[in-house]
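A.B. asks:
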Amino acid sequence: MTEKKPYPADMMEKLVSLAKRRGFIYQGSEIYGGLAGTYDYGPLGTALKNNIKNIWWRMFVDGRDDMYGMDASILMNPRVWETTGHVAGFADPLSECTKCKKRFRTDQIEDRTKCPECGGALGPERQFNMMLKTQVGAMEDSSSISYLRPETAQGMFVNFKNVVDSFHPKMPFGLGQTGKAFRNEITPRDFIFRLRELEQMEVEYFVKESDWQRAFEEWRVAMNTWIDTVGIDRARTHEVEIGDGDRAHYSKRTIDFEFEYPFGQKELYGLAYRTDFDLSRHSEASKVDLSYRDEEVGEKFIPHCIEPSFGLDRTMLAVLLSAYTEDTMGDSPREYLKFHPRVAPIKVAVSPLLKNKPELVEKAREVYDMLKKDIPQIMWDDNGNVGKRYRRQDEIGTPFCVTIDFDTLGETPEHKDTVTVRDRDTGNQKRLSIGDLKNYILEQIK
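Whatever position you read off the sequence shown (first residue = 1), add 266 for our numbering.
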């Protein structure tokens, strides 16, 4: 267990400011005043997000022999959501203040009779369905109603038979996908923690009923490995067993992986044993047989399902919070992102010591072009003096800075064709030959 580092008192304000200033995350539609519950990922945020998604895909889909990738449509036949109970029951309790007219989720406030904003009386509680409704086709009537999916899971369940027919997988096997989901949250808040447009990374893993406990434990261990792989602070992560009265109606066992955010300990991931609920319901409603036939033993059954569910946006927030570090280097304080090199949006920055010396710039460009072929997440940086460059790269989490100086050009003969490589975390520098540079960095970021 790593030592838990305390958050600064104004942690979220600092993180939101850094994220905007350095091009990680912007408020959605900001020039028009924004839209609550939506955020846009800037260049560095997009790179970080893609790194996380790619690592997840390699670990849980491409890296396994029992997994198949999916990319199901966001829009689905509305009968899907009627069958699963989302249309009737995907709801949160809502109350409206009689004074200021603001609306609140009553399960998230202590006093359910008083407005947490103005102190006015809260009106009666009612259920608010979080499905985002839309119209499909030219006519706007009941037959054209559809929904933006509130989860990615059902796209995999309704394609279960297609995958079985196409690939004849042996049990156990799973489907995995990443993609957008939409929830009409009453009170989106806490930066990218609670959003109306979010992204999920989910697995539906199909097993025989007798094997569910073994598979559940295997996925629990795999999820803990993932947490370490992307650099989420283990000391702030907790497994919480969800009791009988609090689990979703389809679940026989659920573990929530919770993370200590500055605004409290809240859900990061979920691991659920969904039994055969989804396939059975879809099979009954569609009149399509979604059972699995084990040809080796001649057995036919509806598989049960283990679901490891990962929120990508919440992963981003946990990674950013885990990476955020304040220290002192030299005589000045430093604020930087201590990403694991494998998730860092920029792996290496290349600079000429002086940008007004053509010979240094030319050599630096050669080094940059050489590295970019194998390390595309690379940045050219010749703005300001080298000390300011280092601090700027530290702030965005770049693990290595490479500087081409006069020794590289042969001013000191024994250092000819070598460069300075600076480590973000320690500030230490070493000289490496240009010929060894690429392999050194690739080894560090894998």
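The beta carbon of each residue, even a glycine, is placed where N, CA and C say it ideally should be. Given the structure is predicted, the values throughout are model-derived calculations rather than measurements.
#1: Which stretch, first to last residue, makes up the alpha helix (DSSP H) that contains residue 539?
#2: What residue from 701, 332, 288, 504 has the CA that sits closest to residue 311's CA?
#3: Please classify residue 616 as buried or exposed, where buried requires at least 16 other C-beta atoms within 10 Å of its C-beta.
#4: Have a look at residue 432 and residue 352 and give me their C-alpha separation to the nearest angstrom.
#5: Below 8 Å, can you find three or more Cβ-Cβ pairs linking the stretch 337–347 to the stretch 623–636?
#6: Spatial neighbours of residue 273 within its chain, please: CB distance less than 6 Å, with the 5 preceding and 5 following residues excluded, ordered by chain position.
#7: Per DSSP, what kind of secondary structure is residue 232 in: helix, strand or coil?
#8: Out of 325, 577, 639, 678, which one is the CA nearest neighbour of residue 708?
#9: Give the straight-line distance between the Cα atoms of residue 520 and residue 537, rounded to the nearest whole angstrom.
#10: Leaving out the 5 sequence neighbours to the left and right, which residues in its chain are closer than 6 Å to residue 576 when beta-carbon positions are compared?
#11: In this structure, does DSSP put residue 518 in helix, strand or coil?
#12: Is the beta carbon of residue 608 sitting closer than 9 Å to the one on residue 317?
#13: Look up residue 306 in the DSSP assignment and say whether it is helix, strand or coil.
#14: Write down every uninterrupted run of the beta strand (DSSP E) in the stretch 356–429 whose length is 3 residues or greater and which is fully enclosed by it, in chain order.
#15: Evaluate contact between the stretch 667–680 and the stretch 565–582, counting only Cβ atoms and requiring at least three cross-stretch pairs below 8 Å.
#16: At which residues does the beta strand (DSSP E) containing residue 446 begin and terminate?
#17: DSSP three-state call for residue 563: helix, strand or coil?
#18: Mapping DSSP to helix, strand and coil, what is residue 696?
#19: Using the rule of at least 16 other Cβ atoms within 10 Å of the residue's Cβ for burial, across every protein chain shown, is residue 567 buried or exposed?
#20: Return the first residue and the last residue of the beta strand (DSSP E) that residue 603 is part of.
#21: If you follow the alpha helix (DSSP H) that residue 656 is in, where does it begin and where does it stop?
#22: Measure the C-alpha to C-alpha separation of residue 444 and residue 417 and round it to an integer number of angstroms.
#23: According to DSSP, is residue 273 part of a helix, a strand, or is it coil?
#24: Provide the residue(s) that pair with residue 509 in DSSP beta bridges, ordered along the chain.
#25: Smallest Cα separation from residue 471: which of 498, 437, 495?
#26: Beta-carbon separation of residue 667 and residue 647 under 9 Å?
#27: Going by DSSP, which residues form a beta bridge with residue 569?
#28: In terms of residues, what are the limits of the alpha helix (DSSP H) holding residue 634?
#29: Considering only C-alpha positions, which residue in the set 704, 655, 690, 295 is nearest to residue 621?
#30: Find out if the Cβ-Cβ distance for the pair residue 281, residue 590 is shorter than 9 Å.
#31: Pull up the distance between the alpha-carbon of residue 389 and that of residue 452, whole angstroms please.
#32: Which of the three DSSP states, helix, strand or coil, is assigned to residue 526?
#33: Can you tell me the Cα-Cα spacing of residue 488 and residue 602, whole angstroms?
#34: Could you give the first and the last residue of the continuous alpha helix (DSSP H) run that contains residue 494?
#35: Measure the alpha-carbon distance for residue 596 versus residue 704 and round it to whole angstroms.
#36: My output table needs one value for residue 321: the three-state DSSP class, helix, strand or coil.
C.D. replies: With the structure as the only source:
#1: Note, residue 539: premise wrong, no alpha helix (DSSP H); beta strand (DSSP E) at 530–541.
#2: 288
#3: buried
#4: 29 Å
#5: no
#6: 528
#7: Given a span of 267 to 712 for the chain in the structure shown, any question on residue 232 remains unanswerable.
#8: 639
#9: 6 Å
#10: 467, 535
#11: coil
#12: yes
#13: strand
#14: 357–362, 369–371, 392–395, 398–401, 411–414
#15: no
#16: 439–448
#17: coil
#18: strand
#19: exposed
#20: 598–603
#21: 652–662
#22: 10 Å
#23: coil
#24: None; residue 509 has no bridge partner.
#25: 437
#26: yes
#27: Its beta-bridge partners do not exist; DSSP assigns none.
#28: 624–638
#29: 655
#30: yes
#31: 15 Å
#32: strand
#33: 29 Å
#34: 478–495
#35: 29 Å
#36: helix
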